[in-house]
Amino acid sequence: GRIMEREKVDEKHAIRLIHRRDRDSAGFLRFFFEVDWEDPDLYDLVINTQRISADTAVGVISSLAVSPEMSAGVQIAQEKLTDLSLGQKVETAL
Numbered sequence: 005g006r007i008m009e010r011e012k013v014d015e016k017h018a019i020r021l022i023h024r025r026d027r028d029s030a031g032f033l034r035f036f037f038e039v040d041w042e043d044p045d046l047y048d049l050v051i052n053t054q055r056i057s058a059d060t061a062v063g064v065i066s067s068l069a070v071s072p073e074m075s076a077g078v079q080i081a082q083e084k085l086t087d088l089s090l091g092q093k094v095e096t097a098l
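Residues in the sequence shown are numbered from 5 upward in steps of one, following the numbering used here.
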């Protein structure tokens with residue numbers, strides 16, 4: 005529904021757009037970061053916005069963001085992002 009409305013296309017075309025964007029995103033992540041975006045270990049939370057309202061999603065994300073479980077992983081995530089960024093800078097310089 006949302007893609008159809010935003011892009012002003014029929015359902016068939018919207019599905020093709022979604023698949024193309026998914027393929028492009030997956031390729032980008034695989035090429036630059038050597039990760040498979042379908043790997044569930046990459047995600048702490050997945051919200052189906054077809055079933056969960058934006059307000060509920062905001063509440064869940066806000067609560068999780070300040071939880072001790074998330075705080076413990078922040079440093080590790082920041083270090084990993086720094087390493088990935090440095091790796092890309094080195095590769096680009098070469």
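Cβ coordinates follow ideal geometry from the N, Cα and C atoms, glycine included.
What is the residue span of the alpha helix (DSSP H) that residue 67 lies within?
Counted as a single uninterrupted DSSP element, the alpha helix (DSSP H) harbouring residue 67 occupies residues 58-69.
To the nearest angstrom, how far is the alpha carbon of residue 18 from that of residue 35?
Approximately 26 Å, taken between the alpha carbons.
Mapping the DSSP letters down to three states, classify residue 5 as helix, strand or coil.
Reduced to three states, the DSSP call for residue 5 is coil.
Quick test of the definition: if touching needs 3 or more C-beta pairs under 8 Å, does the segment 38-51 touch the segment 61-76?
Remark: three or more beta-carbon pairs, one from each stretch, lie closer than 8 Å, so the segment 38-51 and the segment 61-76 are flagged as touching.
I'd like the list of long-range same chain contacts for residue 15, defined as Cβ closer than 7 Å, with 5 residues on each side in sequence excluded.
Within the same chain, residue 15 has close Cβ partners 8.
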